[in-house]
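From first to last, the protein sequence lines stand for chains A and B.
The first sequence begins at 1 in the working numbering and counts up by one.
The second sequence begins at 1001 in the working numbering and counts up by one.
Each residue gets a CB set at the ideal place from its N, CA and C atoms; glycine is no exception.
These figures come from a predicted structure and were not determined experimentally.
Here is the structure we will look at.
There are 2 protein chains.
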Amino acid sequence: MTDTDFARRSAEINDLLCVLNLLAWDARTQMPPGGSATRGQQSATISALARERVLAPAFEAAAHAALDTPDAPAARQALSAVAALRRVPEALTRELATLKSEAQDAWVTAKAASDFAAFAPALTRMVTLNRELADALGYEDHPYDALLNLYEPGLTLKTLLPLFDRLRAHHVALLSRITAQPAPRTDFLRRSYPAAGQKAYSLSAAQRFGYDLGRGRLDESAHPFEISFTRNDVRITTRVQEHFLSGALFGTLHETGHAMYEQGVDPALTRTVLASDLVGLYAVGGASYGTHESQSRLWENRIGRSRAYWEQHYADLQATFPEQLADVDADTFHRAVNEVRPSLIRVEADELTYDLHIMLRVDLERALIGGELDVRDLPAAWNARVKADLGLDVPDDARGVLQDIHWSSGMFGSFPTYTVGNVMASQFFGAAQAAHPELDSQLERGEYAPLREWLTDNIYRHGRTFTPDELLRRVTGRPLDPQPYLDYLTGKYSDLYALAPQEAHP
Amino acid sequence: MTDTDFARRSAEINDLLCVLNLLAWDARTQMPPGGSATRGQQSATISALARERVLAPAFEAAAHAALDTPDAPAARQALSAVAALRRVPEALTRELATLKSEAQDAWVTAKAASDFAAFAPALTRMVTLNRELADALGYEDHPYDALLNLYEPGLTLKTLLPLFDRLRAHHVALLSRITAQPAPRTDFLRRSYPAAGQKAYSLSAAQRFGYDLGRGRLDESAHPFEISFTRNDVRITTRVQEHFLSGALFGTLHETGHAMYEQGVDPALTRTVLASDLVGLYAVGGASYGTHESQSRLWENRIGRSRAYWEQHYADLQATFPEQLADVDADTFHRAVNEVRPSLIRVEADELTYDLHIMLRVDLERALIGGELDVRDLPAAWNARVKADLGLDVPDDARGVLQDIHWSSGMFGSFPTYTVGNVMASQFFGAAQAAHPELDSQLERGEYAPLREWLTDNIYRHGRTFTPDELLRRVTGRPLDPQPYLDYLTGKYSDLYALAPQEAHP
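What follows is the structure, encoded as structure tokens:
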């Protein structure tokens, strides 16, 4: 970026967003408990300064002046973000921030007591304010589209719902075929695995994929996440549980996918609008939540849970935990970490049922925002849907409607991006295979650099230059298309569970 | 503080300074190496915003309006800081920031090669810019006073030099009496002490003194330090060396003294000017560098190296390191950690020779700033003074004039505060003893809360409400006075080294 007023103002704004990210990372990984109230005030101050700088008339003028320069893509995004932020009344922004903190407290209490009624008033207010936010932002067909657009620019229910209908029909059918088969052995995943070994192995696997520790680090946190302060400092966290090996292992590979996306953004985009979410006030290099999730899923599931991966690297894991894995071979391990089993908790779900968890949340949250579902009827609707899709009875709200933090944080419209990410991952991986016929044999030899470099060239380096739809079409020649993902799942589980061939899948 | 425009603006500025501190803490303890350039830009952005907010006409107007309110002390300090900052041209501030980064790089290289000539050009420029800074800030007698005032408000060479003359004469004489005696046994301090045990013991000692881990944490760093982001989050670091037990142990107690000062500031001062250094652009609750150092020295030396402390707590240390300390009793340990031995390196010096290291630096740096000493003559002047005061030959510049980071960071005028802190520590401790005749017997029982509470009531809670001189006079009834410190040292070492009584000390 040339040294213009637009570049200087963009750099200052990006600095503030990186600082906001650091304040959040520190609060979640390092900060002593006493620091929380004043940390909230510090974040609010930086957030207000960032918002003030984005909305400054001089920034808009500088962006206008940059429309005829090579910085035009950044300038257009800046102007669109300014317009969006300006449509949201400052009072609503403040109300949402205040409610978020109250609603999270109420949710924590309600979840601990498994008492939905204790959360209902805050959630009702949160739905109302998010509906107001949607009205302020504007939409064509459904208020949910305005919220979805905050996480997945350009995506609407009109595109999403038919796609989800296909996925749900496919997944439910495939699930019933799988659950008719014998379950694989998984007992050994719940043996005692000391934390140090889990972390060391996970980190070495992350580095093997190409996560650069010269510009990154791994910490522990209650909920794993990835966060960046420019491409030069991209951190991940994991949650280590002594008796659940898969948690830290695949959690780390998941965050590694996010992290390599951020580390792969073109250095020329550092401190620009194209590494900033100016509406969400968040420093991020990835094009959208869904695009980001496509990379975490790709590295976690497509690579990390593949047969080829475990044929290559199981010996290392066994060397780390020789006693725990003495009676387990690579094939048994690979089958175990790919077990499909309907469960109540989203974050513990397998690759197939995960989408069912997502889709039920999306249907419920869009009904809440659309006014078709009342908060008081939410637990019953939740439980009915879990029974219908997963065949399970929800024993209490803690393991049901209260399990996720998202709604208490005011994040309506973010759930779809998890499944959209799965869909995109298969599209991107297919394009990589088409471009590199030797890709599969490289992966079978444990060579990850060619794949990572292809992803960097085609996706990562562009940062937020393109919308998710533009990026998909550039890289795959197609819009969002579930077929490669359905083919992948069908093929994978037909193999793992020795399913009889079908005439055609739905 | 009441909810006024002055309070709101002060809170925003303090938030920015706390964020600056967090950026610095993270860079020194957590950040991967690749993050350093963009971190520098992030810090520069926040620093510029803080400066802009302090210099905003509206802040000055708000402070003026607060002069007739209970916030008058904060308002007066704000106005004085605004005036000082305004006297410094922005171009000079920028030049100093740029030079600081260059000079530190040059110093690192020069120190590694023990080649003063490689550092001389950057140091020459640093002296020139600091002289310009002194001229901009203004002074009465000597430009050094303007710089000293940045760290120790109100202190001038006129007060400092006679005090240092007394100290130097006393210390040199006492040192020659001590070195005539047999040296204590110290070999065991350099045995192998695993890091985990060192950290665990040091942290438990810090908590025993009263460091609140609910509002703090201990990390490792190359150079130990304490830093705070309001009194609610006060962090310390230590440097653990396997073969040097005293390093982490007393280093942690030292930083604990700093940290308890910050944790003890009145909550009413949180996010106010009285917890902010508006000239240094640094969030800090202590009144000055010297006042702060008085507390680190008091807890490290007066308490942590006392006979009473080791009589109480040596058993715990021995239990942590049973093999390493099997042949060492409490008395032997106490003597070892109080050994006086002239050495080349300031940060490894004992309590007595430490001041000699400081005084030689102060004499040299004030001569540099005053134009009486040329940078090219500095190494010779350094070596001559080490020979005169410590009786040692300096083998190379790395162990001589290049050993400290301060001058490469542009910190001229901060060295005196280490010795000033020692002097104040004895004055404050004497006042505590006078107020609490039972204090010594409490300490002999390992009861630290009464001392900490007295220090909190009389010093910590006031934050930056008083100048160091005002605070000293309020608490001890006297200005800066070296006599209690000289009496303490003479008494302590006469006992430890069985010195013959003197007619009178110099």
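Distance from the CA atom of Leu155(A) to the CA atom of Asp145(A), rounded to whole angstroms, is 7 Å. Note that the segment 240 to 250 of chain A does not touch the segment 421 to 435 of chain A; fewer than 3 beta-carbon pairs, one per stretch, sit closer than 8 Å. The Cβ atoms of Leu1480(B) and Thr1159(B) sit closer than 8 Å to each other. When 8 Å is used as the limit between beta carbons, Ala1037(B) is near these residues of chain A: Asn232, in chain order. Separation of Asp1397(B) and Gln1403(B) (C-alpha to C-alpha, rounded to the nearest whole angstrom) is 8 Å. At least one C-beta of chain B is nearer than 8 Å to the C-beta of Gln42(A).
The contact set of Pro1033(B) on chain A, defined by CB atoms closer than 7 Å, consists of Gly214 in chain order. For Ser228(A), the three-state secondary structure derived from DSSP is strand.
Leu360(A) is positioned such that its CB atom lies no closer than 8 Å to that of His171(A).
At a C-beta separation below 8 Å, Thr270(A) has these neighbours in chain B: Thr1038.
Runs of alpha helix (DSSP H) with 4 or more residues, each lying fully within the segment 1186 to 1239 of chain B, are found at 1195 to 1209, listed in chain order. About 6 Å separates the Cβ atoms of Ala75(A) and Phe6(A), confirming a contact at the 8 Å cut-off. Pro1482(B) is a Cβ neighbour of Leu1163(B), given a cutoff of 8 Å. Around the beta carbon of Pro1224(B), 16 or more other beta carbons lie within 10 angstroms, which makes this residue buried.
In this structure the segment 1216 to 1235 of chain B lies against the segment 1026 to 1037 of chain B, because at least three pairs of beta carbons, one per stretch, are closer than 8 Å. Close to Ile1178(B), with beta-carbon spacing below 8 Å, lies no residue of chain A; the smallest spacing is near 42 Å. For Ile459(A), no alpha helix (DSSP H) segment is defined, and its DSSP state is neither H nor E.
Cβ neighbours of Thr1419(B) within its own chain (closer than 6 Å, five residues either side excluded): Asp1355, Ile1358.
Interface criterion met: the Cβ of Thr1045(B) is under 8 Å from a Cβ in chain A.
Using beta-carbon distances, Phe229(A) counts as an interface residue toward chain B, with a partner under 8 Å. Ala11, Glu12, Asp15, Leu16: these are the residues of the segment 4 to 16 of chain A whose beta carbon lies less than 8 Å from some beta carbon of chain B, given in chain order. Close partners of Arg217(A) in chain B (Cβ separation under 9 Å): Gln1030, Met1031, Pro1032.
Interface annotation, Asp26(A): in contact with chain B, CB-CB separation under 8 Å. Taken residue by residue, none of the segment 66 to 94 of chain A has a beta-carbon sitting less than 7 Å from a beta-carbon on chain B.
Rounded to whole angstroms, the separation of the alpha carbons of Ile405(A) and Ala56(A) is 33 Å. The distance from the Cβ of Ser1228(B) to that of Asn1021(B) is about 7 Å, consistent with a contact at the 8 Å cut-off. Ranked by Cα distance from Ser1036(B), the first of Gly1446(B), Thr1230(B), Leu1023(B) is Leu1023(B).
Chain order gives no chain A residues near Val1054(B), where near means a beta carbon separation below 7 Å; the closest approach is about 14 Å.
Each residue's CA atom was taken as its position, placing Arg1086(B) and Gln1077(B) some 14 Å apart. By alpha-carbon distance to Thr1237(B), the top candidate from Gln1198(B), Val1273(B), Thr1230(B) is Gln1198(B). In the DSSP assignment, Ala1283(B) is bridged to Ser1276(B). Contact between the segment 453 to 465 of chain A and the segment 315 to 330 of chain A is absent, with fewer than three C-beta pairs closer than 8 Å.
For Asn21(A), the enclosing alpha helix (DSSP H) has its first and last residue at 5 to 29. Minimum Cα-Cα distance from Gly391(A) among the listed residues Thr332(A), Leu175(A), Asp212(A), Thr98(A) corresponds to Leu175(A). Taking the beta carbon of Leu1049(B) as reference, the chain A residues within 7 Å of it are Leu49, listed in sequence order. Non-local beta-carbon contacts of Thr1467(B) in its own chain, meaning distances under 6 Å to residues more than five positions away in sequence, involve Pro1153, Gly1154 in chain order.
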